[in-house]
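Each residue of the sequence shown is one higher than the last, beginning at 20 in this note's numbering.
Read the structure below first, then the notes.
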Amino acid sequence: MRAVEANFDGLVGPTHNYSGLSFGNIASAKNQGVVANPKLAALQGLKKMKALADMGFIQGVLPPQERPCMTTLRALGYAGSNGGGTDGEVIRAAIASDPLVYSSALSASSMWSANAATVSPSADTADGRVHFTPANLNNKFHRSIEHTQTSRTLRAIFADEKHFAHHPALPGCPQFGDEGAANHTRLCRQYGERGVEFFVYGASGFDTAAPKPLKFPARQTREASQAIARLHGLDEKGVVFAQQNPQVIDAGVFHNDVIAVGNGHVLFCHELAFRKQPEVLAEISAKLASEFVAIEVSADDVSVEDAVQSYLFNSQLLTRPGAQMSGDMLLLVPEECRSNARVWAYLQKLLAQKTPIGEVLVMDLRESMRNGGGPACLRLRVELNEQELAAVNPATLMNEALYRRLTAWVEKHYRDQFGEGDLGDPALLTECRHALDELTQILALGPVYPFQRQS
Ligand code: SUG
């Protein structure tokens with residue numbers, strides 16, 4: 020059966036800002052306090068979605084979340100012991116006593132939908148359904164509050180239980196820290212055929228004596244990756260677990276998708292990406308049982324520092340629509356790859372070689388990049404066969420009309436400046452709710468947000 024890889028991008032939310040919330044993510048720390056432009060951020064994301072849809076890729080949209088997250092603020096007691104405080108009182112209490120907690124509850128971080136969930140296509144799973152596990156994002160408070168809404172949203176888009184299975188997030192504790200598809204890549208000969216699911220973790224959650232980074236946190240644990248493989252009913256002959264090189268985590272590679280990207284039979288990665296890299300690549304090759312191409316970039320060509328600065332590996336590696344085999348690929352990279360002379364020189368060299376990557380497409384995603392989110396962070400891949408694609412909520416799939424409606428929606432609801440002084444603005448909640456209410460109609464999602472169910 021024919022199958023495609025759809026990309027569901029997170030639509031940037033109205034409160035996009037730079038609060039320096041992600042220790043270990045160098046861009047987030049560096050840009051703390053910079054004035055953000057939520058409108059531009061959302062439009063840049065939409066442009067990427069539209070460009071891919073125009074090229075014939077299946078492109079979906081994942082809506083942002085309610086921010087400030089009132090369920091979180093209420094759960095933390097800002098509504099008082101009887102929970103009776105109004106929304107305005109809750110917001111004022113949180114800002115007055117814990118501004119950092121409040122800015123976490125305001126973060127638009129659900130835009131990086133590579134962290135929304137891990138998805139296994141039906142060709143790999145025991146029950147022949149597409150399996151979704153939302154990521155608990157336990158390592159950062161501002162991200163740990165995403166999965167409840169993510170789960171509701173995914174269920175609204177992939178609703179048919181005949182085709183789609185939804186698991187709850189893993190237990191929210193450091194030992195089962197899970198960051199979703201940012202640490203999961205699937206390799207295959209052809210979409211629709213059984214493939215190899217490649218899980219990359221930063222450290223063991225329980226074996227504290229095992230190798231681990233020393234400076235920055237390892238967000239994904241081996242135990243979390245293994246639990247997901249079990250939940251999704253994956254055959255161990257089609258699964259490879261590997262550990263990220265702890266040294267690159269300490270150099271700012273806070274997710275595997277900052278140092279490696281895979282698609283079809285190709286893995287594009289840095290030579291220092293994994294511990295025991297030769298063994299890892301040999302295992303993938305053996306389990307794939309067909310041609311496997313690893314394009315390993317040497318530190319001489321691109322240093323880890325340049326990889327982190329340019330997000331070369333946070334690119335989208337895409338099989339061009341209509342390609343006969345998975346060997347006709349396009350690499351969508353952020354503008355920062357062109358402005359880094361060494362990375363750009365490497366990409367020219369790559370294009371001159373005979374590899375499956377035949378084209379490099381550059382996109383400006385600067386607003387997201389400043390928070391450490393490149394092209395691959397913004398998208399969740401969902402491989403779907405024809406019947407499954409037909410079961411997806413069609414109003415979430417990008418086309419000319421949806422692009423026009425969403426750009427008009429952004430123009431209407433979004434601010435074009437968001438600095439530290441705006442964090443405490445009590446009007447944000449109302450603005451966000453109005454925008455989301457309208458969005459649920461555009462995307463035909465039904466009342467997926469708690470505030471829509473209150474009255
Ligand atoms: O979790 N940044 C995100 C970036 C996520 C990138 N995702 C992938 N690599 N897949 C994070 O660190 C920064 C928010 C702030 O500082 O305001 C932030 O959450």
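Backbone N, C-alpha and C fix where the C-beta goes; we use that ideal spot for every residue, glycine too.
A quick note: this is a predicted structure, and the numbers were derived from the prediction, not measured.
> Count the other CB atoms within 10 Å of the CB of Ala4; is the residue buried (16 or more) or exposed (fewer)?
Replying inline: Residue 4 falls outside the range modelled here, since the chain spans only 20 to 474, and no answer is possible.
>> Check whether the stretch 318 to 336 and the stretch 347 to 363 touch, using three or more Cβ-Cβ pairs below 8 Å as the test.
In response: yes
> Between Leu253, Gln296 and Cys207, which lies nearest to Phe476 when the distance is taken from Cα to Cα?
Replying inline: With the chain covering only 20 through 474, there is no way to say anything about residue 476.
>> What does the Cβ neighbour count give for Gly465, buried or exposed, with the cut at 16 atoms within 10 Å?
In response: exposed
> Among the residues of its own chain, which have a CB less than 8 Å from the CB of Leu380, if the five just before and after it don't count?
Replying inline: Ala70, Leu349, Leu350, Leu351 and Val352
> Quick one: what's Glu405 bridged to in DSSP?
Replying inline: Paired residue(s): none; Glu405 is not in a bridge.
> DSSP puts Phe476 in a beta bridge; with which residues?
Replying inline: Given that the chain is displayed from residue 20 to residue 474, the structure contains no residue 476 and the question cannot be resolved.
>> Here's the rule I'm using: 16 or more other beta-carbon atoms within 10 Å means buried, otherwise exposed. How should Phe235 be labelled?
In response: buried
> Would you call the stretch 40 to 60 and the stretch 398 to 415 in contact, with 3 or more CB pairs under 8 Å?
Replying inline: no
> Taking 6 Å as the cut-off, is the CB of Gly440 close to at least one heavy atom of the ligand SUG?
Replying inline: no
> Helix or strand or just coil, what does DSSP make of Gly102?
Replying inline: coil
> Hey, out of Pro445, Ala292 and Ala154, whose CA is closest to Glu324's CA?
Replying inline: Ala292
> From Thr489 to Thr374, what does the alpha carbon distance come to, in whole angstroms?
Replying inline: The chain is shown from 20 up to 474; residue 489 falls before or after that span and cannot be answered.
> Exposed or buried, Gly257, counting other C-beta atoms within 10 Å across all chains shown (16 or more means buried)?
Replying inline: buried
> At which residues does the beta strand (DSSP E) containing Pro236 begin and terminate?
Replying inline: Run containing Pro236: none; DSSP gives neither H nor E here.
> Between Leu307, Glu430, Thr426 and Gly52, which lies nearest to Leu206 when the distance is taken from Cα to Cα?
Replying inline: Leu307
> For Pro469, which beta-bridge partners are listed by DSSP?
Replying inline: Per DSSP, none; premise fails for Pro469.
>> Using a 10 Å radius around the Cβ and a threshold of 16 neighbouring Cβ atoms, would you call Ser345 buried or exposed?
In response: Bear in mind that a pLDDT of 49 at Ser345, under 50, signals an unreliable position, so the model cannot answer this.
> Which whole-angstrom value describes the C-beta separation of Gly79 and Ala25, a residue pair presumed to lie in contact below a C-beta threshold of 8 Å?
Replying inline: 6 Å
> Of the choices Thr167, Arg162 and His185, whose alpha-carbon is the least far from that of Val138?
Replying inline: His185
> According to DSSP, is Val277 helix, strand or coil?
Replying inline: helix
> Does the beta carbon of Gly391 fall short of 6 Å from some heavy atom of the ligand SUG?
Replying inline: yes
>> Taking 6 Å as the cut-off, is the beta-carbon of Gly443 closer than that to any non-hydrogen atom of the ligand SUG?
In response: no
> Rounded to a whole number of angstroms, what is the C-alpha to C-alpha distance between Phe311 and Lys295?
Replying inline: 18 Å
> Helix, strand or coil: how does DSSP classify Thr227 here?
Replying inline: coil
> In chain order, what residues of the same chain lie with their CB nearer than 6 Å to the CB of Cys88, ignoring the 5 residues before and after it?
Replying inline: Ala124 and Ile164
> Are the beta-carbon atoms belonging to Val215 and Ala261 less than 7 Å from one another?
Replying inline: no
> Would you say the beta carbon of Glu386 comes nearer than 6 Å to a heavy atom of the ligand FAD?
Replying inline: Looking for the ligand FAD in the displayed structure turns up nothing; the ligands present are the ligand SUG.
>> Below 8 Å on the Cβ atoms is my contact criterion, and I expect Thr338 with Asn282 to pass it. Report the Cβ-Cβ distance as a whole number of Å.
In response: 6 Å
> Does DSSP put Glu24 in a helix, a strand or coil?
Replying inline: strand
> Helix, strand or coil for Glu165 per DSSP?
Replying inline: coil
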